[in-house]
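*Asks:* For reference, each letter of the sequence shown is one residue, going 1 to 430 in UniProt numbering. Quick reminder that beta carbons are idealized off the backbone N, C-alpha and C, glycines included. Questions regarding the structure given below will be posed in turn.
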Amino acid sequence: MTDFSSISLFPATPQQVTESRKRTSVQWAKGLTLEQYLERDRVMDNYEHAADGKLITWVLAPRSDPMTLDFMCACETFRRTGVIVRPAADGSVQVEEVPCYGIASVFTPASKRGKGYAGQMMRLLHWILAPTSSFATDFPGEWGSPPVARLQDARFSILYSDVGSEFYHNSGPTPNKGHGWVATGMENTSWNVDNIQSQGRSEERCRWLRQEDAVRVWEQDAELLKQDARSYADKTHTIVFSLLPNQSVGVFTIQRLMTFTSDLVPTLPSDIWGVQLLDNCEQQESLAFATWTLESGNPKIMVLTRLRTTRSSFTVLLKKLMERAKDTGIETIECWNLPEQLRDMAMELGGRTFLRDDHLSSVKWYGPETEDTVRWLFNEKCERHIGQTIGRNVSDLDYIKLCIRTQRLKDPHMPVLLRSSSISDVLQSL
1 MTDFSSISLF PATPQQVTES RKRTSVQWAK GLTLEQYLER DRVMDNYEHA
51 ADGKLITWVL APRSDPMTLD FMCACETFRR TGVIVRPAAD GSVQVEEVPC
101 YGIASVFTPA SKRGKGYAGQ MMRLLHWILA PTSSFATDFP GEWGSPPVAR
151 LQDARFSILY SDVGSEFYHN SGPTPNKGHG WVATGMENTS WNVDNIQSQG
201 RSEERCRWLR QEDAVRVWEQ DAELLKQDAR SYADKTHTIV FSLLPNQSVG
251 VFTIQRLMTF TSDLVPTLPS DIWGVQLLDN CEQQESLAFA TWTLESGNPK
301 IMVLTRLRTT RSSFTVLLKK LMERAKDTGI ETIECWNLPE QLRDMAMELG
351 GRTFLRDDHL SSVKWYGPET EDTVRWLFNE KCERHIGQTI GRNVSDLDYI
401 KLCIRTQRLK DPHMPVLLRS SSISDVLQSL
């Protein structure tokens with residue numbers, strides 16, 4: 001059994017950051033050479049999403065040698081701005097911008113797996129991110145002393161799991177299983193572009209968004225998101241929270257697609273990353289747009305990062321997306337957690353909605369409430385960081401558990417599609 005009191009979580013030295021990235025290149029380089037992979041991260045370290053200490057790499061290492069390059073595992077945290085909206089008993093609604101964190105690049109090298117290191121790293125991370133007042137117990141004595149470097153200002157943290165839902169849920173702030181990150185909002189709506197019958201090019205006026213245009217739109221959208229969250233909280237008497245797409249959070253989903261020429265000049269696969277409808281666009285409340293990224297490792301998949309639309313503008317926006325997809329060789333368009341009022345239209349337009357079994361959006365709430373009493377709004381690709389891994393794949397059994405858990409969907413008639421390989425397991429579990 002591993003002696004967890006002899007190890008702790010430390011902010012990485014520059015040398016440890018490089019070593020961590022060399023390790024993860026095996027999993028995430030995806031066509032880049034090691035030199036290009038390291039250069040991409042070096043370039044991105046200077047961008048707004050990472051600069052000024054927003055990005056921190058953490059390493060699990062021996063207390064006796066915290067600067068060693070032979071550390072057990074590592075992860076990254078990105079400081080973000082979120083919003084929490086609380087309805088009060090007197091009918092008022094409080095809107096508060098808060099610090100929160102995205103967690104990424106959770107990785108244990110093969111030689112160090114099977115010893116509980118990754119789980120311990122995630123348990124210790126709670127004590128680094130959250131205020132001590134958010135914990136029901138003192139720091140576990142069997143773990144030794146708490147980590148020295150502590151941020152202690154997170155109101156919530158999020159991650160996207162590619163290893164199922166159980167591992168992160170079981171990585172709570174105590175040695176007991178549970179009370180970790182809770183998977184939520186796994187609905188995925190997709191359109192197969194080749195299967196959609198062409199209806200001709202839309203005549204609606206639009207603006208194709210370059211990166212700088214998308215930044216401008218995201219700034220507008222961030223203010224509207226706060227208004228939307230306030231309205232939802234007031235209407236449902238529910239505490240809601242969300243991340244905001246501005247401050248380079250949206251830009252990150254574009255920049256991470258960076259590749260390089262032979263002489264290490266950065267290049268992106270496209271110069272267009274969104275579309276905005278122009279009718280009544282001078283009115284901020286009438287803003288209708290979609291922005292997207294490409295699935296890492298599969299440039300034939302367009303994933304929407306933000307979608308702001310009404311029922312009346314949704315069809316037009318989708319037609320524009322289809323036009324762009326067909327013009328650029330995109331085969332599939334995906335949207336995470338499509339608003340309920342648009343799902344019937346999505347199906348009529350050839351879409352199918354199902355629960356995805358990767359990139360599972362998961363949240364740890366550090367307030368006095370429990371995760372099932374608060375709601376994460378606008379849970380879209382725009383908030384996603386690099387996928388998580390600790391060297392194993394989600395199992396069919398874990399996937400079925402996830403499907404059962406997420407039957408608390410607001411729309412009980414929304415079809416949930418299971419992988420065919422899991423059907424026999426499903427039947428046996430009924």
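Quick one: give me the first and last residue of the beta strand (DSSP E) that Ala290 is part of.
*Replies:* If you number the sequence shown from 1, residue 290 lands on position 290. Run containing Ala290: 289-295, per the beta strand (DSSP E) assignment.
*Asks:* What does the alpha-carbon distance come out to for the pair Tyr168 and Ser25?
*Replies:* Here residue 168 refers to the residue found at position 168 when the sequence shown is read from its first residue. Here residue 25 refers to the residue found at position 25 when the sequence shown is read from its first residue. If I take the Cα positions, the gap works out to 22 Å.
*Asks:* So what does DSSP say about Gln247, is it helix, strand or coil?
*Replies:* What you label residue 247 is simply residue 247 of the sequence shown in a count that begins at 1. Here Gln247 sits in coil by DSSP.
*Asks:* Could you pull the DSSP bridge partners for Leu307 from this structure?
*Replies:* What you label residue 307 is simply residue 307 of the sequence shown in a count that begins at 1. BP columns for Leu307 point to Ala290.
*Asks:* Since Arg28 sits in a beta bridge, which residues does DSSP pair it with?
*Replies:* For this step, residue 28 is matched to residue 28 along the sequence shown. The displayed chain sequence assigns Trp, not Arg, to residue 28. Beta-bridge pairing links Trp28 to no other residue.
*Asks:* Apart from the five residues on each side of it in sequence, which residues of its chain come closer than 8 Å, Cβ to Cβ, to Asn170?
*Replies:* Counting from 1 along the sequence shown, the entry for residue 170 is found at position 170. Closer than 8 Å at Cβ, skipping near neighbours: Gly119, Lys177, Gly178, Gly180.
*Asks:* With Leu160 as the anchor, note down where its beta strand (DSSP E) starts and where it stops.
*Replies:* As a working mapping, residue 160 is identified with position 160 in the sequence shown. At residue 160 the sequence reads Tyr, which differs from the Leu that was named. It spans 156-161 - the beta strand (DSSP E) in which Tyr160 sits, taken as one unbroken run.
*Asks:* I need the straight-line Cα distance from Arg86 to Tyr232, nearest angstrom please.
*Replies:* On the sequence shown, position 86 is the one that residue 86 refers to. On the sequence shown, position 232 is the one that residue 232 refers to. Whole-angstrom Cα-Cα distance: 10 Å.
*Asks:* Which residue marks the beginning of the beta strand (DSSP E) containing Gln94, and which one marks its end?
*Replies:* Residue numbering aside, residue 94 sits at position 94 when the sequence shown is read from its first letter. First-last of the beta strand (DSSP E) with Gln94: 93-107.
*Asks:* Work out the CA separation of Leu321 and Val363 for me, nearest whole Å.
*Replies:* Locating residue 363 in the sequence shown gives position 363, where the first residue counts as 1. Locating residue 321 in the sequence shown gives position 321, where the first residue counts as 1. Cα to Cα, Val363 sits roughly 30 Å from Leu321.
*Asks:* When the Cα of Val98 is compared with those of Phe314, Ser157, Met44, Pro266, which residue comes out closest?
*Replies:* Stepping through the sequence shown from its first residue, residue 98 is reached at position 98. Nearest of Phe314, Ser157, Met44, Pro266 to Val98, Cα basis: Ser157.
*Asks:* Between Thr174 and the rest of its own chain, which residues show a CB-CB distance below 7 Å, the 5 nearest in sequence each way excluded?
*Replies:* By 1-based counting over the sequence shown, the position of residue 174 is 174. Cβ within range, chain order: Thr137, Pro140.
*Asks:* According to DSSP, is Lys226 part of a helix, a strand, or is it coil?
*Replies:* The residue labelled residue 226 in the question sits at position 226 within the sequence shown. Lys226: helix per DSSP, three-state reduction.
*Asks:* Which whole runs of the alpha helix (DSSP H) in the stretch 32-96 are 4 residues long or more, in chain order?
*Replies:* For the stretch 32-96, whole alpha helix (DSSP H) runs of length 4 or above, ordered along the chain, are 34-44.
*Asks:* Taking just the CA atoms, how far does Cys335 sit from Lys115?
*Replies:* Translated into positions along the sequence shown, residue 115 becomes position 115. Translated into positions along the sequence shown, residue 335 becomes position 335. Taking the straight line from one Cα to the other gives about 37 Å.
*Asks:* Distance, Cα to Cα, Thr259 vs Thr33?
*Replies:* What you label residue 259 is simply residue 259 of the sequence shown in a count that begins at 1. What you label residue 33 is simply residue 33 of the sequence shown in a count that begins at 1. Thr259 and Thr33: Cα-Cα distance of roughly 10 Å.
*Asks:* Which class does Gly119 belong to by DSSP, given the choice of helix, strand or coil?
*Replies:* Within the sequence shown, the letter at position 119 stands for residue 119. Reduced to three states, the DSSP call for Gly119 is helix.
*Asks:* Here's a check: name, in chain order, each residue in its chain whose Cβ is nearer than 8 Å to the Cβ of Leu287, leaving out the five neighbours to either side.
*Replies:* In the sequence shown, the residue the question calls residue 287 occupies position 287. The answer, listed in chain order, is Val217, Gln220, Asp221, Leu224, Gln276, Cys281, Arg308.
*Asks:* To which residues of the same chain is Gly31 closer than 8 Å at the C-beta, ignoring the five residues directly before and after it?
*Replies:* Residue numbering aside, residue 31 sits at position 31 when the sequence shown is read from its first letter. Correct list, in chain order: Thr259, Gly297.
*Asks:* Tell me the DSSP secondary structure of Trp208 in three-state form.
*Replies:* Counted from its first residue, the sequence shown places residue 208 at position 208. Here Trp208 sits in strand by DSSP.
*Asks:* Would you call the stretch 2-10 and the stretch 59-70 touching, i.e. three or more CB-CB distances under 8 Å?
*Replies:* Yes, the stretch 2-10 is in contact with the stretch 59-70.
*Asks:* Which residue or residues does DSSP assign as beta-bridge partners of Gly172?
*Replies:* In the sequence shown, counting from the first residue as 1, residue 172 sits at position 172. DSSP output for Gly172 lists no bridge partner at all.
*Asks:* Report yes if the CB atom of Phe378 is closer than 8 Å to the CB atom of Ser242, and no otherwise.
*Replies:* Indexing the sequence shown from 1 puts residue 378 at position 378. Indexing the sequence shown from 1 puts residue 242 at position 242. Yes, Cβ-Cβ distance for Phe378 and Ser242 is below 8 Å.
*Asks:* Span of the beta strand (DSSP E) holding Glu334?
*Replies:* One-based indexing of the sequence shown puts residue 334 at position 334. Looking at the DSSP string, the run of the beta strand (DSSP E) that includes Glu334 is 332-336.
*Asks:* Rounded to whole angstroms, what is the Cα-Cα separation between Gln16 and Ser64?
*Replies:* Locating residue 16 in the sequence shown gives position 16, where the first residue counts as 1. Locating residue 64 in the sequence shown gives position 64, where the first residue counts as 1. In a straight line, the C-alpha of Gln16 is about 16 Å away from that of Ser64.
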